[in-house]
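S.K.: Please read through the structure below; I'll follow up with questions.
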Amino acid sequence: MRPGDGPSGPERTFGEDEIIVTKTDLTGKITYANPVFLRISVYEEHEVLGKPHSCIRHPEMPRAVFRLLWDTISSGREIFAYVVNRASDGAHYWVLAHVTPTFDAAGRITGYHSNRRVPAREAVAQVWPLYRELRQLEERGDRKEGLIASVARLEGRLAEMGMSYDEFVWSLTNGAAR
Numbered sequence: 022m023r024p025g026d027g028p029s030g031p032e033r034t035f036g037e038d039e040i041i042v043t044k045t046d047l048t049g050k051i052t053y054a055n056p057v058f059l060r061i062s063v064y065e066e067h068e069v070l071g072k073p074h075s076c077i078r079h080p081e082m083p084r085a086v087f088r089l090l091w092d093t094i095s096s097g098r099e100i101f102a103y104v105v106n107r108a109s110d111g112a113h114y115w116v117l118a119h120v121t122p123t124f125d126a127a128g129r130i131t132g133y134h135s136n137r138r139v140p141a142r143e144a145v146a147q148v149w150p151l152y153r154e155l156r157q158l159e160e161r162g163d164r165k166e167g168l169i170a171s172v173a174r175l176e177g178r179l180a181e182m183g184m185s186y187d188e189f190v191w192s193l194t195n196g197a198a199r
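What the sequence shown shows, in my numbering, is residues 22 to 199, in sequence order.
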């Protein structure tokens with residue numbers, strides 16, 4: 022990815038040995054944030070606890086991917102996704118997110134847990150053009166129609182590749198996608 026070709030704001034990175042961790046309730050409000058999350062997102066703990074996790078949503082991140090993410094985890098399954106986030110100071114940072122539902126003893130979902138690692142630069146360079154295309158679709162017409170078009174394009178692109186979103190993410194992670 023060339024400078025100026027990606028999300029706005031300076032890019033922030035974190036160590037390959039670090040993991041960003043957050044937990045949320047069923048509505049996506051943050052119930053736990055580890056020190057790495059707080060440092061990278063430039064928030065104090067009291068500023069994020071009880072706030073929607075979307076406080077770090079980067080405006081250039083496609084809503085279609087979040088729709089897929091929420092549909093997946095609310096059905097009780099885990100998902101891996103490449104996500105660009107925005108820190109409170111305007112910087113952006115890419116992550117490879119692993120989001121899982123948390124269950125109680127009766128098997129009911131009680132919240133969600135997300136671990137994020139540093140993504141491979143090659144994977145970000147490959148996912149960014151697709152995300153940019155999805156955002157362009159989302160910005161056309163009204164909000165609902167834009168999301169419908171973006172979801173359809175994501176599903177169509179995955180069908181063209183003969184992959185599920187999980188397979189797409191792992192193909193990028195393993196350097197197989199073109």
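Just so it is clear, CB atoms sit at the ideal spot from N, CA and C, and this is done for glycine as well.
Out of V116, S109, F124 and R156, state which residue places its alpha-carbon closest to the alpha-carbon of G97.
M.R.: Ranking the options by Cα distance to G97, first place goes to F124.
S.K.: Can the beta-carbon of D187 be found closer than 8 Å to that of I100?
M.R.: Closer than 8 Å, so yes.
S.K.: What separation, rounded to the nearest whole angstrom, lies between the Cα atoms of L90 and E39?
M.R.: Those two C-alpha atoms are separated by around 23 Å.
S.K.: DSSP beta-bridge partners for S135?
M.R.: Per DSSP, T43 and V120.
S.K.: State the Cα-Cα distance for the pair P122 and Y133, rounded to the nearest angstrom.
M.R.: Near 4 Å, if we compare the C-alpha coordinates of Y133 and P122.
S.K.: Assuming the contact rule is C-beta atoms closer than 8 Å, H67 and R107 should be a hit. Round their C-beta distance to whole Å, please.
M.R.: Not a contact, Cβ separation roughly 20 Å.
S.K.: Can you tell which of V116, S109, R33 and E143 has its C-alpha closest to the C-alpha of S192?
M.R.: Among V116, S109, R33 and E143, the Cα nearest to that of S192 is on E143.
S.K.: Report the partner residues of K50 according to the DSSP bridge assignment.
M.R.: Bridge partners of K50: P73.
S.K.: Near G71, which residues of its chain fall below 6 Å by C-beta distance, leaving aside the five closest residues on each side in sequence?
M.R.: These residues qualify, in order along the chain: K50.
S.K.: On the three-state DSSP scale, how would you describe E32?
M.R.: Here E32 sits in strand by DSSP.
S.K.: So, for T43: in the same chain, excluding its five sequence neighbours on each side, which residues have a beta-carbon less than 7 Å away from its beta-carbon?
M.R.: Answer for T43: I51, Y53, A54, F58, H74 and S135, listed in chain order.
S.K.: Helix, strand or coil: how does DSSP classify V172 here?
M.R.: Note: V172 maps to helix in three-state DSSP.
S.K.: Skipping 5 residues on each side, what residues in its chain have a beta carbon closer than 8 Å to that of E160?
M.R.: Correct list, in chain order: G167.
S.K.: Going by DSSP, what residues sit across from A102 in a beta bridge?
M.R.: A118, per the DSSP bridge assignment.
S.K.: For the alpha helix (DSSP H) holding R84, just list the boundary residues, first then last.
M.R.: Here the alpha helix (DSSP H) through R84 covers R84 to S95.
S.K.: Mapping the DSSP letters down to three states, classify H79 as helix, strand or coil.
M.R.: Residue state, collapsed to three classes: coil.
S.K.: In three-state terms, what does DSSP make of P107?
M.R.: A quick correction: the sequence has Arg, not Pro, at residue 107. Strand at R107.
S.K.: Using alpha carbons as the reference points, say which of P83, G111, G36 and A85 lies closest to S62.
M.R.: Among P83, G111, G36 and A85, the Cα nearest to that of S62 belongs to G111.
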